[in-house]
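Residue numbers in the sequence shown follow numbering that gives the first Met the number 0, run continuously in steps of one, and reach 494 at the last position.
Where is the CB? At the ideal position from N, CA and C, for every residue including glycine.
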Amino acid sequence: MTEGKGKIIPVLIEEEMKSSYIDYSMSVIVARALHDVRDGLKPVHRRVLYGMLDLGVRPNSAYKKSARIVGEVLGKYHPHGDSAVYDAMVRMVQDFSLRYPLVDGQGNFGSVDGDSPAAMRYTEARLAPIAEEVLRDIDKDTVDFVPNFDESLKEPSVMPSLLPTLMVNGASGIAVGMATNIPPHNLGEVVDALVALIGNPKLKPASLRKYLQGPDFPTGGIIFGDEGIDEYFTSGRGKMTVRAKAHIEEMRGARKRIVVTEIPYQVNKATLQEKVAALVRDKKLDGISEIRDESDREGMRVVFELRKDASAEKVLKDLFKHTQMEVTFGVIMLSLVNGEPKILSVKDTLMEFLNFRHVVVLRRTKFELDKAERRAHILEGYIIALDNIDEVIAIIKKSRTVDTARVNLMKRFKLSQVQAQAILDMRLQRLTGLERKKIEQEYRELLKLIERLKAILANKALRMQVVKEELLQLKEKYGDARRTQIVGKKAKKAS
């Protein structure tokens, strides 16, 4: 290996390979594959959301072409392939992939049958209302900004997310030598668990099950047994049996049919039907005479019509045994903590989020206090000027230049440069009695606000109270009913 001009340093190839591989794997882990424990996002998701905010495609604005959004993200923040950015955005639209989609899409963004989304030139998107909770207070110095790839712009290193994204939307990613697979959970339950931890940080992981039952998949389904849930709550790893939701209906002529209304998370509906058809053709599955997909906008409905002599219970048992109507979901709660990959229990993951929210509230409060104090300082100047308005006008009229007027005002009324400048910039309409009342009222309200912000800054318990209140407001606004059912104490595998 050469260093400088003509200087050769002998290096063992094994050592060089080892260090280079570790550098490469860490760069993949941190910059691409794993979600941050704080905002629950990978860099590409963060950049898509920030790029959309930059473009102004908020929930109440018009949709914008996906190609325009992808171009914005590529050009400013994410110097990789356009398909990587579009694929990440597509997943954030799909209500069968994310429990709480962060992007509101218009057009074909794929389906639970595994259909590909339309090309980005055809689809349109904007931020979903819940995404505003991920971006909330980003302009209030709540997070650090870092230079983008060419150092021409700044991008957030993490989002100041009020939404516990990692827990509610889950995560999946394959890095070098490690993988993560975090199931989605119900927002209301996650907030209840966070509130319980604010009240008692020493709660045992098992006690959290009172508040957070377990995974809540966007596609519903039934989880059999809670041993796996207890395992990953405690250790960050576990396995669960997830089944489709099916029932048996009577038909004419003493025949029956099996109707599937929910399938396990990440199972392709079309592939599932093809697999069943192949098993029937190969005589490995007996009793099914017809397979029909009656799904529509109202919901999923896959029908397996049975022959007259078939036992519906036996066919259903065979379907669970031989197809993806029953799957094992393996949980690995791996995420980035301070830039390093770690497997955390559910409690540790929630505590990391609470610590992050505490920092966000602290930084936001400092920002708001500074802003309020600057405004109060200007209002104090206004009040002094209004109390001595005739003298102020006389000083301004006598002064030859703006600079002289500013200096004279500062000397006469002991004002700061900022106050004197504000008085000079003041419009004449502010001299009316009504405007004066408005200034005095704003000043009184600001003093109350400053007092409250100082109290929050001085007391951690008050800051945690703010965190709690904001989380409860989030639950009230976006909380919904659980979709996945959890049944039985022990996993009952189909045999």
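{"query": "Which runs of the alpha helix (DSSP H) spanning at least 4 residues fall entirely within the stretch 110 to 145, listed in chain order?", "result": "131 to 134"}
{"query": "Considering Cα atoms alone, identify which of ASP191, ALA205, THR122 and HIS184 is closest to THR218.", "result": "HIS184"}
{"query": "Could you check whether THR179 and ILE331 sit closer than 7 Å to each other, using their CB atoms as the reference points?", "result": "yes"}
{"query": "According to DSSP, ASP292 sits in a beta bridge with which residue or residues?", "result": "VAL301"}
{"query": "CA-CA distance, ALA311 and ILE247?", "result": "7 Å"}
{"query": "Please determine, among LEU134, MET463, GLN416 and GLU304, the residue with the shortest C-alpha to C-alpha distance to ASP251.", "result": "In the sequence under discussion, the amino acid at residue 251 is Arg, which differs from the Asp named in the question. Here the closest residue by C-alpha is GLU304."}
{"query": "Does the CB of ARG462 have a neighbour CB from chain B at under 7 Å?", "result": "Although the question refers to chain B, the structure presented lacks it and comprises just one protein chain."}
{"query": "What are the start and end residues of the alpha helix (DSSP H) that includes VAL466?", "result": "459 to 477"}
{"query": "To the nearest angstrom, how far is it from the Cα of VAL406 to the Cα of GLN428?", "result": "24 Å"}
{"query": "Quick one: Cα of ARG208 to Cα of THR260, how far?", "result": "27 Å"}
{"query": "Of all the options PHE232, HIS77, ARG356 and VAL102, which has the alpha carbon lying nearest to the alpha carbon of MET463?", "result": "ARG356"}
{"query": "Compute the distance between the beta-carbons of PHE223 and VAL345, then report whether it is under 7 Å.", "result": "no"}
{"query": "Name the residue from ARG254, LEU284 and LYS244 whose alpha carbon lies nearest to the alpha carbon of VAL266.", "result": "LYS244"}
{"query": "According to DSSP, is VAL330 part of a helix, a strand, or is it coil?", "result": "strand"}
{"query": "Would you identify the three-state DSSP class for ASP229, choosing helix, strand or coil?", "result": "helix"}
{"query": "Could you give the first and the last residue of the continuous beta strand (DSSP E) run that contains PHE223?", "result": "221 to 223"}
{"query": "Compare the Cα-Cα distances from ASN337 to each of GLU450, VAL465, GLU351 and GLU297 and report the closest residue.", "result": "GLU351"}
{"query": "Applying the 10 Å Cβ sphere with the 16-neighbour rule, what's the burial state of THR240?", "result": "buried"}
{"query": "What residues are listed by DSSP as bridge partners for ASP103?", "result": "ARG125"}
{"query": "Look at LEU162 and GLU188 and say whether their C-beta atoms are less than 7 Å apart.", "result": "no"}
{"query": "To which residues does DSSP link ALA170 through a beta bridge?", "result": "ILE181"}
{"query": "Please list, in chain order, all residues of the same chain as ASP103 whose beta carbon is under 6 Å from its beta carbon, the five residues on each side excluded.", "result": "ARG125 and ALA127"}
{"query": "Going by beta carbon distance, what residues of the same chain come within less than 7 Å of LYS492, once the five residues before and after it are set aside?", "result": "With a pLDDT of 45 at LYS492, under the threshold of 50, the predicted position of this residue should be treated as unreliable, though the coordinate-derived value follows. Only THR240 meet the Cβ criterion."}
{"query": "Assuming the contact rule is C-beta atoms closer than 8 Å, VAL167 and PRO155 should be a hit. Round their C-beta distance to whole Å, please.", "result": "With a Cβ gap of about 20 Å, VAL167 and PRO155 do not count as contacting."}
{"query": "By DSSP, does GLY198 sit in helix, in strand, or in coil?", "result": "helix"}
{"query": "What did DSSP end up calling ASP285 once you bin it into helix, strand or coil?", "result": "coil"}
{"query": "With DSSP run on the structure shown, which of helix, strand or coil describes GLY237?", "result": "strand"}
{"query": "Measure the alpha-carbon distance for ILE485 versus GLY329 and round it to whole angstroms.", "result": "16 Å"}
{"query": "For SER18, count neighbouring Cβ atoms within 10 angstroms of its own Cβ and tell me buried if that reaches 16, exposed if not.", "result": "exposed"}
{"query": "What span of residues does the alpha helix (DSSP H) with GLN416 cover, start to end?", "result": "416 to 424"}
{"query": "Taking buried to mean at least 16 other C-beta atoms within 10 Å of its own C-beta, is MET495 buried or exposed?", "result": "It is not possible to answer for residue 495, since the shown part of the chain is limited to 0 through 494."}
{"query": "Taking C-alpha atoms, which residue in PHE108, ARG90, ALA371 and HIS321 lies nearest to LEU445?", "result": "ALA371"}
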